[in-house]
Amino acid sequence: MSFYETLTRLEEYPYEQLWKEYTAGDVRRALGKNRLDEHDLLALLSPAAAPLLEEMAQAAQRLTRTHFGHSMQLFTPMYLADFCVNHCTYCSFSSIYDFPRKKLSLEEVRREAETIAATGLRHILILTGESRRDNPVSYIKDCVGVLREFFASVSIEINPLSTDEYRELLQAGVDGLTLYQEVYHQDTYRELHVKGPKRNYRNRLDAPERGCQAGFRSVNIGALLGMHDWRQEAFQSAMHARYLQDRYPECEISLSTPRFRPYLGEFNPESDVSDRSLVQIILAYRLFLPRSGITLSTREPATLRDHLIHLGITKMSAGVSTEVGGHTNEGGTPQFEISDSRSVQEITAMLYTNGLQPVFKDWDILTDPVPLA
Amino acid sequence: MHDPLLIGGTALTSRLFIGTGKYSRNTLIPEVVARSGSEVITVALRRVDPDGGEENIISHIPGHMTLLPNTSGARTAEEAVRIARLARAAGLGNWVKIEVINDQKYLLPDNLETIRATEILAAEGFVVLPYMSPDLSAALRLKAAGAAAVMPLGAPIGTNRGLRTKELVRIIIEEVDLPIIVDAGIGRPSEAAEAMEMGAAAVLLNTAIATARDPLVMAEAFRDAVAAGRKAYMAGLGPVEEVAAASSPLTGFLG
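In the order they appear, the protein sequences are chains D and E.
Residues in the first sequence are numbered consecutively from 56, following the numbering used here.
Residues in the second sequence are numbered consecutively from 299, following the numbering used here.
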């Protein structure tokens, strides 16, 4: 069993027609339910829900405060290496771009960690491009060995691995996996991922499930919004999350809502996702999966983020650099342009002003350190 | 009325245990402590950051409180044991609320793993307060494993749905000779009072206070409700009748 089988069924849906069929009544019915099914989710993502965003927002806020309280988990990404063998049409790390690639030495990892930890952050998300030669699993493990001295939670956002490799990283101290499918629509996926192992759709789609099986405490998935019809992509992302949550109840499944951002190249996304649509997606996710985390990145501008924190978001990044070594040096190539460059201190102040408590630490690494490879 | 609650050699006056999560700012905690009159406060070790300065939750808890570190995040007995040991090593005392949860949808506890963790930690000298799904045989096993109290849930945690498990909790109160603390689900002061009237030794709640519009006033409301419920229990509730009792009983003529 794999989500692929569910997805195959979902792909058969006549979406164009479905979006027209849902009514305000369907949306209100969904709002009145405790456990929403896939038809409720479709209704919440349909055009019929657009005039009811305020009602959805009220319900979503209530659910979020009940389950998560007045708090917001903070984290920051740390780019370890930008070597990459893939050619993806929307990413600056794509192998076709000629820029000096970088990979942090363990000493540099330590310096970055010190700088980040000094801001108070205790949760870190480490990222690499995909290159088993330049950033192999053993390298990630060594980096985790350094990072666990500074952080209470280490998550990875790297190329898909096998269950055994995920177990190795779990043992090393990694507790969370973030892996975006980028786009669920298979034809679009093939167009965007021109070359490299990332072309293997199934391998990527099944990786979050392998992460659950390996025993990660949290698994975070999502679609890069803007690559294909956003309603359909959001629907399939949320169905993927529910599939995982139903089968792996011990794992915290969360969703991200990354919107496409400018990068080195000139690719323009097919479907523009307006702020209004983004809000509809976040609210639909919250109502469909009341206990799931929803992560908001600095891809979104500060003013918008300050509003979105009230609508279902439970985790946000702060003090972000998308460059390798970006916390201690200048001059790397960012993976994409961020829109909210505020420091941890500024985000903290903004949250308190909005009646929310920033949560810096919400875990403890429970495995013993493993010796360096 | 001298009616202390004895747990792990400590005599407590207040029977309201409170939490630390979900507040909009940690500086509310000392105020909630004062207004609730509570003497026991639970804190997730995962949220404790000794290097966190102002953000460290422990720095906001008044010194007279008995800390009840909990093993939030544990999915197995082994993880719970590990977290409890970390808590003791971090200087948080030797009380522990065991929370082993394998289900992120309803956050219902895993009784089997909870019993295993209780056995290990009680043997290590911890004062163990296990959070559990209300099940009589599991409660008896927890007692045998060395629990200092048993904490059945009233409804899924964080839901404010009230004392939905009333019948099962009542049976545990009757049959298990330990303090029974209703933990989780209590949403209203009247529900806290109801649990206390039934004979619960205490109630533990967080969401109902932390997510109230005015947490400080709600803390007072729970303080009063818990005290009233306890008093009613001690006073012995009058019998409940289905119909009005006749003021001229049929056998009155017998004198």
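C-beta atoms are modelled at their ideal positions from N, C-alpha and C, and glycine is treated no differently.
Beta bridge counterpart(s) of residue i as assigned by DSSP
i	result
Asn504 (chain E)	None; Asn504 (chain E) has no bridge partner.
Leu182 (chain D)	D:Tyr134 and D:Glu212
Gln128 (chain D)	D:Lys370 and D:Val414
Val448 (chain E)	E:Ile478
Leu314 (chain E)	E:Val501
His142 (chain D)	D:Lys250
Lys88 (chain D)	DSSP, once it has assigned bridges, lists no residue as partnering Lys88 (chain D).
Val399 (chain D)	According to DSSP, which records beta bridges pairwise, Val399 (chain D) is partnered with nothing at all.
Trp393 (chain E)	E:Val425
Thr308 (chain E)	E:Ile305
Ser273 (chain D)	D:Gly231 and D:Glu307
Contacts around residue i, its chain only, beta-carbon distance under 8 Å, and the 5 residues preceding and following it disregarded
i	result
Lys441 (chain E)	Val448, Val474, Asp475 and Leu476
Asp330 (chain D)	Leu359
Phe424 (chain E)	Ala382, Arg386, Asn392, Trp393 and Val394
Met363 (chain E)	Val331, Ser336, Glu337, Val338 and Ile339
Contacting residues, own chain, Cβ-Cβ under 6 Å from residue i (five flanking each side not counted)
i	result
Ala262 (chain D)	Pro215 and Leu234
Gly374 (chain D)	Thr131, Thr174, Ser398 and Val399
Ala437 (chain E)	Val448, Ile470 and Val474
Glu518 (chain E)	Arg333
Arg222 (chain D)	Ala269
Phe343 (chain D)	Leu91, Leu96 and Ala293
Ser352 (chain D)	Pro313 and Ser372
Thr183 (chain D)	Leu135, Ala136, Asn190 and Ile213
Test item: CB-CB of residue i and residue j under 8 Å
i	j	result
Phe130 (chain D)	Ser309 (chain D)	no
Ala372 (chain E)	Val338 (chain E)	no
Arg323 (chain E)	Gln116 (chain D)	no
Gly335 (chain E)	Leu314 (chain E)	yes
Ala493 (chain E)	Leu466 (chain E)	no
Gly228 (chain D)	Arg265 (chain D)	no
Ala498 (chain E)	Phe520 (chain E)	no
Thr463 (chain E)	Pro432 (chain E)	yes
Ala278 (chain D)	Glu288 (chain D)	yes
Thr312 (chain D)	Ile336 (chain D)	yes
Cys139 (chain D)	Ser186 (chain D)	yes
Ser370 (chain E)	Arg386 (chain E)	no
Asn354 (chain E)	Glu305 (chain D)	no
Met294 (chain D)	Glu93 (chain D)	yes
Gly381 (chain D)	Glu163 (chain D)	no
Asp328 (chain D)	Gly387 (chain D)	For the record, residue 328 (chain D) in the displayed sequence is Val; it is not Asp. Contact: no.
Ala431 (chain D)	Thr144 (chain D)	The first residue shown for chain D is 56 and the last is 428, placing residue 431 (chain D) beyond what the model contains.
Gln390 (chain D)	Ser150 (chain D)	no
Ala207 (chain D)	Arg166 (chain D)	no
Leu502 (chain E)	Val330 (chain E)	no
N-terminal and C-terminal residue of the beta strand (DSSP E) that residue i is part of
i	result
Pro428 (chain E)	Val425 to Met430
His248 (chain D)	His248 to Lys250
Asn368 (chain E)	Thr364 to Asn368
Glu307 (chain D)	Glu307 to Ser311
Thr350 (chain D)	Gly348 to Leu351
Other residues of its chain near residue i: CB distance less than 7 Å, five sequence neighbours each side excluded
i	result
Thr325 (chain E)	His358
Ala112 (chain D)	Leu338 and Leu366
Ala415 (chain E)	Ala375, Ala378, Val379, Ile396 and Val398
Ala420 (chain E)	Val426, Ala443, Gly444 and Ala445
Lys320 (chain E)	Asn504, Thr505, Ala508 and Thr509
Alpha helix (DSSP H) segment containing residue i, residue limits
i	result
Phe123 (chain D)	Leu108 to Phe123
Met532 (chain E)	Pro513 to Ala533
Asp230 (chain D)	It is not in any alpha helix (DSSP H) - Asp230 (chain D) instead sits in the beta strand (DSSP E) that spans Val229 to Thr233.
Ala567 (chain E)	No information on residue 567 (chain E) is available, as it lies outside the stretch 299 to 553 that chain E covers here.
Thr412 (chain E)	Asn409 to Ala421
Val330 (chain E)	Leu326 to Ser334
Ser488 (chain E)	Pro487 to Met496
Lys196 (chain D)	Val192 to Leu202
Val334 (chain D)	Asp330 to Phe343
Ser292 (chain D)	Trp285 to Arg302
Arg439 (chain E)	Leu434 to Ala443
Glu76 (chain D)	Tyr70 to Glu76
Proximity test, residue i beta-carbon vs the ligand COA heavy atom, cut-off 7 Å
i	result
Thr408 (chain D)	Among the components of this structure there are no ligands whatsoever, and the ligand COA is therefore not found.
Quick one: which residues of the stretch 409–426 of chain D get their C-beta closer than 8 Å to a C-beta of chain E? List them in chain order.
Gly410, Leu411, Gln412, Pro413, Val414, Phe415, Lys416, Asp417, Trp418, Asp419 and Leu421
Identify each residue in the stretch 170–187 of chain D for which the Cβ-Cβ distance to at least one residue of chain E is less than 9 Å, and report them in chain order.
Ala172, Gly175 and Arg177
Members of the stretch 270–300 of chain D that neighbour chain E once the beta carbon cut-off is set at 8 Å
Arg272 and Gln300
The stretch 301–312 of chain D: which residues have C-beta closer than 9 Å to a C-beta of chain E, in chain order?
Asp301, Tyr303, Pro304, Glu305, Cys306, Glu307 and Ile308
Listed from N- to C-terminal order along the chain, which residues in the stretch 120–138 of chain D have their beta-carbon within a distance smaller than 7 Å of any beta-carbon of chain E?
Answer in chain order: Arg120, Thr121, His122, Gly124, His125 and Ser126.
Under 7 Å (Cβ pairs) to chain E, residues found in the stretch 343–361 of chain D
Arg346
Taking Cβ-Cβ distances below 9 Å as the criterion, which residues of the stretch 64–86 of chain D are in contact with chain E?
none
Residues in the stretch 479–511 of chain E with C-beta within 8 Å of chain D's C-beta atoms, listed in sequence order?
Thr505, Ala508 and Thr509
Could you please tell me which residues of the stretch 386–409 of chain D, in chain order, have their CB closer than 7 Å to any CB of chain E?
Within the stretch 386–409 of chain D, the residues whose Cβ lies closer than 7 Å to any Cβ of chain E are, in chain order, Tyr407.
Taking a Cβ distance cut-off of 8 Å, strictly less, list which residues of the stretch 355–385 of chain E are near chain D, in chain order.
Gly371, Arg373, Glu377, Arg380, Ile381 and Leu384
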